[in-house]
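Input: a single structure, listed below in structure tokens.
Residue numbers (our numbering): 137 to 220.
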């Protein structure tokens, strides 16, 4: 396969190493990464798979913010922004 194929897979693997996933998620990622490596880089499916895996690493599961959610405050802010 092409050089870009190796580069994409390596890049995604490096991103994944920095994330802490449970074993099922890690196994799914590896399965999907193997699927990417079997595809030709010029295939439309390759780009779909590449984007899926990139999304998978950017929006990693089990990553939470410490924000406090106040529905009443959000409602006031939205009302002020939309109603004036």
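Backbone N, C-alpha and C define an ideal beta-carbon position, used for all residues, glycine too.
Only a predicted model underlies this, so the values are computations on that prediction, with no experimental measurement involved.
Simplified DSSP assignment, three categories, for residue i
i: residue 141; result: Any answer about residue 141 is weak, because its pLDDT of 47 lies below 50 and its placement is not dependable; what the coordinates show is given next. Helix.
i: residue 159; result: helix
i: residue 217; result: helix
i: residue 195; result: coil
i: residue 205; result: coil
i: residue 154; result: coil
i: residue 164; result: helix
i: residue 177; result: coil
Residue nearest to residue i in terms of C-alpha spacing, selected from the options
i: residue 165; options: 207, 148, 217; result: 148
Beta-carbon spacing of residue i, residue j below 9 Å
i: residue 182; j: residue 172; result: yes
i: residue 155; j: residue 193; result: yes
i: residue 151; j: residue 190; result: yes
i: residue 186; j: residue 144; result: yes
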